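*Asks:*
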Amino acid sequence: MKRPYNGNSADSRLTKVRLAKVRFLIGDTNKKESFLSNEEIEFVLNEEKSDNMAAAKAGEVLVAKLIALNEYEKAEQLRTVCEELRDRARRSVSLGGI
């Protein structure tokens with residue numbers, strides 16, 4: 000069962016903004032029926048410095064869930080988005096974070 004985000008993180012405002020950004024980037028924006036829990040997204044945000052790379056990783060988790068639901072076309076579209084997010088994150092690093 001997914002638990003709602005409780006806002007108790009050290010910097011909850013920044014965390015909420017980053018959570019929303021990742022959800023937006025991967026298209027998991029339906030508040031009533033999100034595929035990923037806030038905790039799952041927070042995990043990848045804590046693992047990655049870049050929001051784009053975190054979104055790519057979260058997107059790959061969502062791809063697996065879509066495949067399990069036989070949503071192959073959506074999964075393939077999201078996989079393409081994840082590749083673009085990874086490329087964007089790599090370009091940002093190679094440009095010095097700009």
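For the sequence shown, position 87 (counting from the first letter as 1) is numbered 86 according to numbering that gives the first Met the number 0, and the numbering increases by one without interruption.
Don't be surprised by glycine CBs; every beta carbon is placed ideally from N, CA and C.
Model, not experiment: these values are computed from the prediction.
Would you call the region 17-25 in contact with the region 43-59, where contact means no fewer than 3 C-beta pairs closer than 8 Å?
*Replies:* Output reads yes: the region 43-59 touches the region 17-25.
*Asks:* How is T14 classed by DSSP in three states: helix, strand or coil?
*Replies:* Of the three classes helix, strand and coil, the one that applies to T14 here is helix, per DSSP.
*Asks:* Among K20, L35, L18, E59, which residue has its Cα nearest to the Cα of Q76?
*Replies:* Among K20, L35, L18, E59, the Cα nearest to that of Q76 belongs to E59.
*Asks:* Please return the same chain residues whose Cβ sits closer than 6 Å to the Cβ of R85, not counting the five positions on each side in sequence.
*Replies:* Cβ within range, chain order: A55.
*Asks:* Note down the Cα distance separating K64 from L94, rounded to an integer number of angstroms.
*Replies:* Straight-line Cα distance between these residues: approximately 33 Å.
*Asks:* Whole angstroms are fine: how far does the CA of L61 sit from the CA of N69?
*Replies:* Using only the alpha carbons, I get a separation of about 12 Å.
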